[in-house]
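Heads up: the structure comes next, in structure tokens.
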Amino acid sequence: MSQKSAYNVAVVGATGAVGQKIIELLEEKDFPIDQLKLLSSKRSAGTKKKFKQQEVIVEEAVPESFTGVDIALFSAGGSVSKKLAPEAVKRGAVVIDNTSAYRMDDSVPLVVPEVNKADLKQHQGIIANPNCSTTQMVAALKPLKDAFGLKRIIVSTYQAVSGAGNEACDELTKQSQDHLSGKELHAELLPVKGDKKHFPIAFNALPQIDVFQDNGYTFEEMKMINETKKIMHASELPVAATCVRLPFFTSHAESVYIEVEKENVTVEDLWKQLEGADGLVLQDNPSEQLYPTPLTAAGKEEVFVGRVRKDLDHKNGFHLWIVSDNLLKGAAWNTVQIAQELIQNNWLQR
Ligand code: L14
95 MSQKSAYNVA
105 VVGATGAVGQ
115 KIIELLEEKD
125 FPIDQLKLLS
135 SKRSAGTKKK
145 FKQQEVIVEE
155 AVPESFTGVD
165 IALFSAGGSV
175 SKKLAPEAVK
185 RGAVVIDNTS
195 AYRMDDSVPL
205 VVPEVNKADL
215 KQHQGIIANP
225 NCSTTQMVAA
235 LKPLKDAFGL
245 KRIIVSTYQA
255 VSGAGNEACD
265 ELTKQSQDHL
275 SGKELHAELL
285 PVKGDKKHFP
295 IAFNALPQID
305 VFQDNGYTFE
315 EMKMINETKK
325 IMHASELPVA
335 ATCVRLPFFT
345 SHAESVYIEV
355 EKENVTVEDL
365 WKQLEGADGL
375 VLQDNPSEQL
385 YPTPLTAAGK
395 EEVFVGRVRK
405 DLDHKNGFHL
415 WIVSDNLLKG
425 AAWNTVQIAQ
435 ELIQNNWLQR
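In my numbering, the protein residues as written are 95 to 444.
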């Protein structure tokens, strides 16, 4: 494929929470599109979407949908990606996949452009977009790792409901209304669609995101652990994670503890690295009560960092608070950024 001026782009999962954001970003960023194909399950096919004043009708995603497609952006769940991403690649498309289906596959680059964009060069047709909680954490820690080295990471997350999709948002709304009008709460979806039990998310906190693994960690926690090591090219880096769902709609927040390798590092040293780093915004001033929150980060592309403190007992330890819109940098924006990088660097070709 020689360098084109416009590309045929398919969005798989076009009616989902992430798919919708991808469509908006493609328009907002004036992505060089020749034809846009919006694809979904059979159930959602026929839905009408707007793109650049034009109506686009969502079609059912089938293997033949990818004929002539240059770039396919998948966010319709892991099983759809497993089934259809190879079909898209077979037909010449480059796939950027937003699910966990291929992330830990050795032949698949797992990329946050601010951290490891050179890994894109090695792609063999499929590129994986990391888990939302992982993406914002590695984006914030990258300049610190480069300047001071990292000895360990311990993270606890405070995650928004929209990560689990539009249905989960509806569940939070309904439960909130029911609670405020004194009714009993019904939980059918969260913590995980299809798991044995469900608990209310409204006015609650759920220490389970995705399914449990044999080691007692949830899959979301293991994704954060394994993906962080892969993206940072640091297979030996100790990482521990606890992932918690809270009752708000947008942006994940994270309390992150790190130990740096370099001695005598100060909070000011960390600020200096974070300030002006690619894709980061430092919001850290206790005297002004300045720090990021899920609401202030919602709708923004950047990763916000605040509450930088030195640990009181471990001389190399620091605490940070990292917040970003889970549907943007955590998903749709990182996906579109990867597509932009592929084009700009002429890396679409295999
Ligand atoms: O791995 O439920 O990309 O919030 C990220 C969002 C898994 C589910 C992923 C959620 C998903 C998660």
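In this text, a Cβ means the ideal position worked out from N, Cα and C, and glycines have one as well.
By Cβ distance, which residues of its chain are closer than 6 angstroms to residue i, with the 5 residues on each side in sequence left out?
i: I247; result: V333, I352
i: A299; result: V338, L340
i: T161; result: R185
i: L422; result: E395
i: L167; result: V105, I116, I190, T429
i: T141; result: T109, V152
i: V202; result: Y196, I220, A222
i: P301; result: V338
i: Q450; result: No answer is possible for residue 450: it lies beyond the span of the chain, which begins at 95 and ends at 444.
i: Q269; result: L279, P294, A296
i: A371; result: P237
i: E314; result: I303, D304, C337
When DSSP labels each residue in this structure, what does residue i get in the three-state scheme?
i: H408; result: coil
i: K215; result: helix
i: I117; result: helix
i: Q438; result: helix
i: D363; result: helix
i: I432; result: helix
i: T322; result: helix
i: E353; result: strand
i: V209; result: helix
i: E154; result: strand
i: K123; result: coil
i: S418; result: strand
i: S227; result: helix
i: A100; result: coil
i: K317; result: helix
i: L368; result: helix
i: V305; result: coil
i: K146; result: coil
i: K131; result: strand
i: V202; result: coil
i: A139; result: coil
i: A347; result: strand
i: A222; result: strand
i: A425; result: helix
i: A111; result: helix
Just the C-alpha distance for residue i and residue j, rounded to the nearest angstrom, thanks.
i: G288; j: V206; result: 30 angstroms
i: V209; j: K277; result: 47 angstroms
i: F145; j: E154; result: 18 angstroms
i: D272; j: E282; result: 14 angstroms
i: D173; j: P380; result: Going by the sequence as given, residue 173 is Ser instead of Asp. Approximately 45 angstroms between the Cα atoms of the pair.
i: W441; j: L406; result: 46 angstroms
i: V163; j: N410; result: 50 angstroms
i: Q304; j: T228; result: It is worth fixing the name first, because residue 304 is Asp in this sequence and not Gln. Rounded to whole angstroms, D304 to T228 spans 14 angstroms at the Cα level.
i: S138; j: G424; result: 24 angstroms
i: K177; j: V112; result: 19 angstroms
i: D378; j: E118; result: 30 angstroms
i: Q443; j: A182; result: 14 angstroms
i: F242; j: K291; result: 44 angstroms
i: A335; j: V249; result: 5 angstroms
i: T267; j: P285; result: 15 angstroms
i: I127; j: K98; result: 10 angstroms
i: L235; j: I325; result: 11 angstroms
i: Q253; j: F343; result: 9 angstroms
i: P224; j: L279; result: 33 angstroms
i: C331; j: Q147; result: For clarity, residue 331 is Leu in the given sequence; the question names Cys instead. Cα-Cα distance, rounded: 48 angstroms.
i: V375; j: T390; result: 12 angstroms
i: W427; j: G373; result: 11 angstroms
i: A347; j: S418; result: 7 angstroms
i: P388; j: S345; result: 5 angstroms
Any heavy atom of ligand 3 inside 6 angstroms of the beta-carbon of residue i?
i: C263; result: The model depicted lacks ligand 3 and carries ligand 1 instead.
Going by beta carbon distance, what residues of the same chain come within less than 7 angstroms of residue i, once the five residues before and after it are set aside?
i: Q216; result: P203
i: E121; result: F145, K146
i: R403; result: V361, F412, H413
Between residue i and chain C, is there a C-beta pair that is closer than 7 angstroms?
i: I116; result: The structure shown contains no chain C; it is built from a single protein chain.
Quick one: what's got a C-beta closer than 8 angstroms to residue i's C-beta in the same chain, skipping five residues either side?
i: E355; result: F242, G243, L244, K245, N410
i: A100; result: P126, I127, D128
i: M198; result: L204, N320, E321, K324
i: E149; result: K142, K143
- Message: Runs of 3 residues minimum, wholly inside the stretch 382-406: which ones carry the beta strand (DSSP E) assignment?
- Response: 397-404
- Which runs of the alpha helix (DSSP H) spanning at least 4 residues fall entirely within the stretch 229-300, listed in chain order? 260-274
- contact_flag[the stretch 150-160, the stretch 124-139] where n(CB pairs < 8 angstroms) is 3 or more: yes
- Query: Of all the alpha helix (DSSP H) runs that stay within the bounds of the stretch 160-194, which reach a length of 4 or more residues?
  - Reply: 172-184
- Counting Cβ pairs, one atom from each stretch, are 3 or more of them under 8 angstroms apart for the stretch 384-399 and the stretch 433-441? no
- Item | Inter-stretch contact (C-beta, 8 angstroms, three-pair minimum) for the stretch 258-271 and the stretch 291-310 | yes
- Query: For the stretch 346-365 against the stretch 319-328, are there 3 or more C-beta pairs whose distance is under 8 angstroms?
  - Reply: no
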